[in-house]
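Asker:
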Ligand code: DER
């Protein structure tokens, strides 16, 4: 199977975790895209649940698919959130934010009793850091954050661009993509980054994933908790 087929299969597999009457969080990205497609079919067949989207992109797609949406401030606790990830290590620590939705994703994940991550096998790593760490920053102060981050062992950091302009997140911030190469202590790096004024949130999701569902190109799907 190619990567897209694998994403499709793992997205469809994860849809089974969403049952009638649940209020859940829906992640962002091309793997979650296939989860949403499957959920849309099941809504047509009578499945009833409501969802908090983690981005405008997911909100738009879920609405098109007939999925009932609510918002974070309207719920107490979510029973479950299903989201993607850019990297997953052996301890289920994550790097997220490749899709630029990390702030809302982390807020929704933190409101959830269970966080299920759906990935294809390419996302599994021994040590986090090959994927540049997305850090959401206040636009007016990004240069100071850049200066501080370079002093933290980062080899390069750049404001994410889209169509030759700075990418603006759903919440009006910039994303600083930070190249650490190897992140051996994601817990303390996350703490250090949050101490820098101007940092809104980081793509380090430490101790948040309860289960990771991995699709393999040979057709296997395995889960790790
Ligand atoms: O931005 C995110 O955190 C997304 O979940 C993303 O990283 C996963 O995207 P993908 O499923 O398109 O690889």
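Numbering (UniProt numbering), first residue to last: 2 to 226. A virtual CB, placed ideally from N, CA and C, is assigned to each residue, including glycine. Nothing here was measured: the structure is a model prediction, and the numbers come from that model.
#1: Let me know if residue 172 comes out buried or exposed under the rule of 16 or more other beta-carbons within 10 Å of its beta-carbon.
#2: Roughly how many angstroms separate the alpha carbons of residue 80 and residue 109, rounded to a whole number?
#3: So residue 144 is in the alpha helix (DSSP H); what residue range does that whole segment cover?
#4: Helix or strand or just coil, what does DSSP make of residue 160?
#5: Give the DSSP-derived three-state secondary structure of residue 6 in the structure shown.
#6: Put residue 114 into one of helix, strand or coil per three-state DSSP.
#7: On the DSSP letters alone, give me the boundaries of the beta strand (DSSP E) that residue 52 sits inside.
#8: State the Cα-Cα distance for the pair residue 121 and residue 185, rounded to the nearest angstrom.
#9: Alpha carbon to alpha carbon, what distance is there between residue 49 and residue 13?
#10: Taking residue 155 and residue 132 to be in contact with their CB atoms under 8 Å, please state how far apart those CB atoms are, rounded to whole angstroms.
#11: Buried or exposed for residue 60, please, with buried defined as at least 16 other CB atoms from any protein chain shown within 10 angstroms of its CB.
#12: Could you tell me the distance, in whole angstroms, from the CA atom of residue 216 to the CA atom of residue 123?
#13: Looking only at its chain, what residues have a beta carbon closer than 6 Å to the beta carbon of residue 51, apart from the 5 residues adjacent to it on each side?
#14: Assuming residue 81 is part of the beta strand (DSSP E), what are its boundary residues?
#15: Mind checking which residues open and close the alpha helix (DSSP H) that includes residue 59?
#16: Quick test of the definition: if touching needs 3 or more C-beta pairs under 8 Å, does the segment 94-109 touch the segment 191-204?
#17: Rounded to whole angstroms, how far is the Cβ of residue 128 from the Cβ of residue 183, which I believe are closer than 8 Å?
#18: Where does residue 225 sit, in a helix, a strand or coil, going by DSSP?
Answerer: Once the coordinates are examined:
#1: Translated into the one-based positions of the chain shown, residue 172 becomes position 171. Burial call: exposed.
#2: As a first step, residue 80 is located in the chain shown; it is residue number 79 there, counting from the start. As a first step, residue 109 is located in the chain shown; it is residue number 108 there, counting from the start. Near 11 Å, if we compare the C-alpha coordinates of residue 109 and residue 80.
#3: In the chain shown, residue 144 corresponds to position 143, counting from 1. Its alpha helix (DSSP H) spans residues 143-151.
#4: Within the chain shown, residue 160 is the residue found at index 159, counting from 1. Correct three-state label for residue 160: strand.
#5: Mapped onto the chain shown, residue 6 falls at position 5. Look at residue 6 here: in three-state DSSP terms it is helix.
#6: As a working mapping, residue 114 is identified with position 113 in the chain shown. Three-state result, residue 114: coil.
#7: Stepping through the chain shown from its first residue, residue 52 is reached at position 51. Per DSSP, the unbroken beta strand (DSSP E) holding residue 52 starts and ends at 51-54.
#8: Locating residue 121 in the chain shown gives position 120, counting from the first residue. Locating residue 185 in the chain shown gives position 184, counting from the first residue. One C-alpha to the other measures close to 22 Å.
#9: As a working note, residue 13 is residue 12 in the chain shown. As a working note, residue 49 is residue 48 in the chain shown. If you take the alpha carbons of residue 13 and residue 49, they lie about 17 Å apart.
#10: Mapped onto the chain shown, residue 155 falls at position 154. Mapped onto the chain shown, residue 132 falls at position 131. No, residue 155 and residue 132 are not in contact; Cβ-Cβ is about 13 Å, not under 8 Å.
#11: The sequence position of residue 60 within the chain shown is 59, counting from 1. So residue 60 counts as buried.
#12: Translated into positions along the chain shown, residue 216 becomes position 215. Translated into positions along the chain shown, residue 123 becomes position 122. Computed Cα separation, rounded: 9 Å.
#13: Position 50 of the chain shown, counted from the start, is the residue given in the question as residue 51. Closer than 6 Å at Cβ, skipping near neighbours: 24, 69, 71.
#14: Reading the chain shown from its first residue, position 80 is the one you call residue 81. DSSP places residue 81 in the uninterrupted beta strand (DSSP E) bounded by 81-84.
#15: The residue you call residue 59 lines up with position 58 of the chain shown. Its alpha helix (DSSP H) spans residues 57-65.
#16: Judged by Cβ distances under 8 Å, the segment 94-109 makes contact with the segment 191-204, as three or more pairs qualify.
#17: As a first step, residue 128 must be located in the chain shown, where it is residue number 127. As a first step, residue 183 must be located in the chain shown, where it is residue number 182. Contact holds; Cβ gap of about 5 Å.
#18: As a position in the chain shown, residue 225 is number 224, starting the count at 1. Here residue 225 sits in strand by DSSP.
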